[in-house]
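In terms of my numbering, the sequence shown is numbered consecutively and its last residue is 332. Reviewing the structure listed below.
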Amino acid sequence: MAVVAHLAHGMKPLVDLVYPPRCPLCGAALANQDGLCVDCWSLLDIPGEGGGEAAAVWLDRGRPVPVHAATFYNEASRRLVLDFKHGRRIALARLLARLIAARLPVPEHGEAPLLVPVPLHRWRLWQRGFNQAALLAGELARLGKGEAMVDGLIRRKRTPSLGGLGRAARERALAGAIIANRHRLRQIAGRDVVVVDDVFTSGATARACVAALAGVGARSIAVACFARVDEAGIEGEHLKNETPEAL
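Below, the structure written as structure tokens:
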């Protein structure tokens, strides 16, 4: 790993020469490949800057699960998400993961958690070519935030696009859709788990993932995402068909 890091560092000047670093939002020149310009940084709405704490998603049985979001969902974070997921700019995974990593607390039990991405159905994975949540989990693992387990959860049935659906419709669409991978049960049992995705919307997908993990004995469960939609905006028209796999 050290050799790979050394080679990557040595190649950086050549990469920067061929592909000059640019802000992914406005195109302004940058010093590094994986950042934003000062003006665009200021457009992100960072939780906690006004004293806010982690949100929580509530399961049916009343168990709160913390949701650690790098940003609130606004026009700037929306553009980053759409470029990353639908614009196929997968290099943005590093930037988004760095922002998520800054929000994650120190592991409660001293052991690095499992980083389990929200799964895509195999047909959607085939169509897109990648799972954006799995890319984020991999980058978080490289940042030392845990151990990526990209196949910890399985989406066993194809669900309709969730963009534009209300809470109740999302819950119905996801009923029975997500289960724990039977080949990973021993590794999940007794471990702290962080569910990873790009956007947290209504919490329907998060509840499905958390329920599946709790059902096979995960010790603790949290959710980590790049952008969290404000509660008042969940039913908003501006979200329709833009983040179909959002939590």
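For glycine and all other residues, C-beta sits at the position ideal for the given N, C-alpha and C.
I'd like to know whether the C-beta atoms of Ala343 and Arg276 end up nearer to each other than 8 Å. Outside the displayed span of the chain (86 to 332) sits residue 343, for which this structure offers no information.
For the beta strand (DSSP E) holding Phe169, just list the boundary residues, first then last. Taking the first residue of the sequence shown as 1, we reach residue 169 at position 84. Counting along the chain, Phe169 sits inside no beta strand (DSSP E); it lies in the alpha helix (DSSP H) bounded by residues Glu160 to Lys170.
With 16 other Cβ atoms within 10 Å as the buried cut-off, status of Asn117: In the sequence shown, counting from the first residue as 1, residue 117 sits at position 32. With fewer than 16 Cβ atoms within 10 Å of its Cβ, Asn117 is classed as exposed.
Leaving out five residues on either side along the sequence, give the residues of the same chain with a beta carbon under 7 Å from the beta carbon of Ala56. Coverage of the chain is limited to positions 86 through 332, which leaves residue 56 absent and any answer about it impossible.
DSSP three-state label for Asp124, please. Mapped onto the sequence shown, residue 124 falls at position 39. Asp124: helix per DSSP, three-state reduction.
Taking buried to mean at least 16 other C-beta atoms within 10 Å of its own C-beta, is Lys242 buried or exposed? Mapped onto the sequence shown, residue 242 falls at position 157. Under this definition Lys242 is an exposed residue.
Please state whether the Cβ-Cβ distance between Ala216 and Pro198 is less than 8 Å. Numbered from its first residue, the sequence shown carries residue 216 at position 131. Numbered from its first residue, the sequence shown carries residue 198 at position 113. Checking the sequence shown, residue 216 turns out to be Asn, not Ala. No. Outside cutoff.
Less than 8 Å between the C-beta atoms of Ile273 and Val150, yes or no? Within the sequence shown, the letter at position 188 stands for residue 273. Within the sequence shown, the letter at position 65 stands for residue 150. Inclusion of Ile273 and Val150 in the CB contact set at 8 Å is not warranted, their separation being larger than that value.
Buried versus exposed call for Asp282 [16 or more other C-beta atoms within 10 Å across all chains shown]: If you number the sequence shown from 1, residue 282 lands on position 197. The Cβ neighbour count for Asp282, taken over all protein chains shown within 10 Å, is at least 16; the residue is labelled buried.
Candidates Tyr158, Trp208 and Gly237: which alpha carbon is nearest Gly219's? One-based indexing of the sequence shown puts residue 219 at position 134. Strictly speaking, residue 219 in this sequence is Ala, with Gly absent from that position. Of all alpha-carbon atoms in Tyr158, Trp208 and Gly237, the one lying nearest the alpha-carbon of Ala219 is that of Gly237.
Using the beta-carbon count (16 or more within 10 Å), is His153 buried or exposed? Within the sequence shown, the letter at position 68 stands for residue 153. The residue in question, His153, is buried, as its Cβ has 16 or more Cβ neighbours within 10 Å.
In whole angstroms, give me the CA-to-CA distance for Glu256 and Pro105. Here residue 256 corresponds to residue number 171 of the sequence shown, with the count starting at 1. Here residue 105 corresponds to residue number 20 of the sequence shown, with the count starting at 1. The alpha-carbon atoms of Glu256 and Pro105 are separated by roughly 44 Å.
What are the residues that DSSP puts in a beta bridge with Glu232? In the sequence shown, counting from the first residue as 1, residue 232 sits at position 147. DSSP lists Leu199 as partners of Glu232.
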